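Have a look at the structure below before the remarks.
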Amino acid sequence: MNLKIAISYPPLESEKGVPLLSQNRQFQWFNSPTYIYPVIPAYAATLLQKNGYEVFWDDGIAENLSYADWKKRILREKPDIIAIETKTPVVERHWKIVNELKNLTSNSSPCKGEEGQWKPKIALMGDHAVALPEESLKKSQVDYVIASGDYDFMLLNLADHLSKGTPLEGGFYYKDANNNIVSSGQSDLSKHDLNTLPLIDRELTHWKNYAFKNGNFKHTPGAYMMSGRDCWWGRCTFCSWTTMFPGNNFRTQSPEKALEEVGNLIKLGIKEIMEDSGSLPVGKWLEDFCQGMIEKGYNKKVVMSCNMRITGIRNLETWKLMKKAGFRFILFGLESANQITLDRICKNLKVEEIEPGLKMCKEAGLEPHITAMIGYPWETKTMAQKTIDLAKKLFKKGFVDTLQATIVIPYPGTLLYKYCRENNLLLTNDYSRFDQREPVMKSPLSNQDVKELVQDLYKSFLSPKFILRKILSIRSWDDIKFLWIAGLRVLGHLTDFSKKEKY
Ligand code: SF4
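For the sequence shown, the working numbering assigns the number 125 to the initial residue and increments by one for each residue that follows.
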């Protein structure tokens, strides 16, 4: 049976803006649309097609479709499996969509020329699904919940199961004939060898939709890849993807395989690649990858960015090698300038390591970006101010180029969420409010304090010295465009956090 599988992101219309759902460890609504290429679903699409299944890449969000148009289209396409990636702030909306599709398809009548006997199986996947798989089966008519981060391998297994009777591997939740929720057992990530994955089919997955509207790209068209799943540390208590990929299960593709992906993207005309493993593999892997970039001449054709831990690289030579290999933008999670916080969130970082770590990266000619958060349950205003002061100092000294400020959100499945539940720290159980627009944990700060401190954090780069340095660093039209977009993004974020909520 030749099944057709849709990998779907139904449009989620909201006054809050456009949802940044795919390939995102922290869900946000954005004023100016940002579309991030969903790498694991793209592997799923490619793997399914290579195994003879028909694939319908259905990202209604990145295509800017209205929900009504998306619904018409999915009813026309009639896939046999609809796989939807979900996250906490939108999971309730996804349950409604699942129920609507299920009701539409079960009530349809072939006699009236309606949807005939089309009865798709619907699967939910993503970090929320992994954290609370049974919940979606209780709250919606979903058929399968994939409680594993490897949606690619899992979707192929599901398609084989439905079309050929292949047994389900561990990691699926569904209802049996008696309507009881059952599981196929524990998911085992170690069974999935990332080197067996095909090169991503970028045309099948509509790469152009994600190549331009992304503020991380200085050069466009840009693209995403992921050589590791997901982060070799993988223990931070707030990090939603540790639910799917705990650090002790960290796996990588070989450097050669990662270089093949880069080569393929260069052939497409990609100018900048975000390597979006939670933390880029280090040590020999990184050295081999960088040497390969240089030997193949890829460093002259494409610019690379990545996520890295501040203490991930402790010597200038490696940073210089990365620079030579074509790296530009390095994203670091700084999170807080308070040691007590870094310890409590299990960041494995000392405050005194932050400045020298970023300085070394900058010295090699790279562009460090930091992320920091406000609203930890134990942080006072003075403690939050310490983080803002450190950010200001880092900008002033020229050790960082850009910053992202967010409100700490305890996502289900994380240790932070467990801590909040056990200590009665949640302000709400309404998932739709876990969307970075307001604090959802009790803390010594008021709602307004948190928003103002996030704004202050965003404004921390505003020193005349930093602005002058930025202006003097302009070398090309791409630099001007990037600075302009970065400025607009900061203004957008300031607006996000200054709005009176009406939702
Ligand atoms: S270092 Fe970053 S990606 Fe890794 S677990 Fe911590 S927050 Fe997540």
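In this text, a Cβ means the ideal position worked out from N, Cα and C, and glycines have one as well. The model shown is predicted, which means the values in this text are computed figures rather than measured ones.
Closer than 7 Å to a non-hydrogen atom of the ligand SF4 - does that hold for the CB of residue i?
| i | result |
| --- | --- |
| W365 | yes |
| W357 | yes |
| S403 | yes |
| C430 | no |
| C360 | yes |
| R452 | no |
| G295 | no |
| R468 | no |
| R353 | no |
| G457 | yes |
| R433 | yes |
In whole angstroms, give me the CA-to-CA distance for residue i and residue j.
| i | j | result |
| --- | --- | --- |
| N281 | A255 | 20 Å |
| C235 | L127 | Note that C235 has pLDDT 49, beneath the 50 cutoff, so the model's placement of it is unreliable and no number is given. |
| T538 | S600 | 43 Å |
| W331 | S156 | 19 Å |
| W219 | K211 | 11 Å |
| P244 | L392 | 34 Å |
| S138 | V306 | 34 Å |
| N148 | D274 | 15 Å |
| L279 | E576 | 43 Å |
| G237 | C414 | Note on G237: pLDDT 46, under 50, position unreliable in the model; the coordinate value appears next. Their Cα atoms are separated by approximately 58 Å. |
| T504 | M565 | 13 Å |
| R557 | W153 | 11 Å |
| T366 | R197 | 34 Å |
| N431 | E399 | 7 Å |
| A449 | A461 | 31 Å |
| A529 | N175 | 42 Å |
| H285 | Y268 | 12 Å |
| I205 | A130 | 6 Å |
| S272 | S597 | 44 Å |
| Y133 | Q173 | 19 Å |
| S146 | Y161 | 7 Å |
| L136 | I221 | 10 Å |
| K583 | F519 | 11 Å |
| K342 | I494 | 17 Å |
| K425 | W409 | 21 Å |
| L318 | Q463 | 36 Å |
| K395 | R353 | 24 Å |
| L228 | L389 | 40 Å |
| V475 | K510 | 11 Å |
| G371 | L199 | 40 Å |
| K262 | Q377 | 37 Å |
My guess is that residue i and residue j are in contact by the Cβ rule of under 8 Å, so how many angstroms apart are they, rounded?
| i | j | result |
| --- | --- | --- |
| N439 | W357 | With a Cβ gap of about 19 Å, N439 and W357 do not count as contacting. |
| V163 | Y348 | 5 Å |
| I469 | T361 | 5 Å |
| D300 | A168 | The Cβ separation is near 25 Å, so there is no contact. |
| P143 | I185 | 6 Å |
| L328 | W194 | The pair is not a contact, with the Cβ atoms about 19 Å apart (cut-off 8 Å). |
| L455 | I478 | So it is not a contact: roughly 14 Å between Cβ atoms. |
| L490 | F523 | Their Cβ separation, rounded to whole angstroms, is 11 Å, which puts L490 and F523 out of contact at 8 Å. |
| L445 | P322 | With a Cβ gap of about 29 Å, L445 and P322 do not count as contacting. |
| G499 | V574 | 5 Å |
| Y159 | N338 | 7 Å |
| V386 | I397 | 6 Å |
| L581 | L540 | Going by Cβ atoms, the distance from L581 to L540 rounds to 19 Å, so no, they are not a contact pair. |
| S230 | L248 | Not really, about 18 Å apart at Cβ, beyond 8 Å. |
Between which two residues does the alpha helix (DSSP H) containing residue i stretch?
| i | result |
| --- | --- |
| K420 | Neither: K420 is in no alpha helix (DSSP H) and is coded neither H nor E. |
| I478 | V475 to E487 |
| I464 | Q463 to R468 |
| E209 | Looking at the DSSP string, E209 is not in any alpha helix (DSSP H); the run it does join, the beta strand (DSSP E), is I205 to E209. |
| E441 | L440 to K448 |
Between which two residues does the beta strand (DSSP E) harbouring residue i extend?
| i | result |
| --- | --- |
| Q152 | Q152 to F154 |
| I454 | F451 to E459 |
| T495 | E491 to I498 |
| M428 | V427 to N431 |
| query | Which runs of the beta strand (DSSP E) fall wholly inside the segment 243-281 and span at least 3 residues, in chain order? | reply | Those beta strand (DSSP E) runs which fall completely within the segment 243-281 and span 3+ residues are 245-249 and 268-270.
| field | Whole runs of the alpha helix (DSSP H) within the segment 515-594, excluding any shorter than 4 residues | value | Taking only runs of at least 4 residues, the alpha helix (DSSP H) segments lying wholly in the segment 515-594 are 539-546 and 571-582.
| said: Extract the residue ranges of the alpha helix (DSSP H) inside the segment 372-396, only unbroken runs of 4 or more that lie entirely within it. | reply: With a minimum length of 4 residues, the unbroken runs of alpha helix (DSSP H) contained wholly in the segment 372-396 fall at 379-392.
| Every unbroken alpha helix (DSSP H) inside the segment 132-198 [4 residues or more] | Here the runs fully enclosed are 163-174.
| query | Which ranges would you report for the beta strand (DSSP E) in the segment 339-376 if only whole runs of at least 3 residues count? | reply | List check, beta strand (DSSP E) in window: 346-349.
| said: So within the segment 290-314, which uninterrupted beta strand (DSSP E) runs reach at least 3 residues, ignoring any that extend past its ends? | reply: If we require 3 residues or more, the beta strand (DSSP E) runs fully inside the segment 290-314 come out as 296-299 and 305-307.
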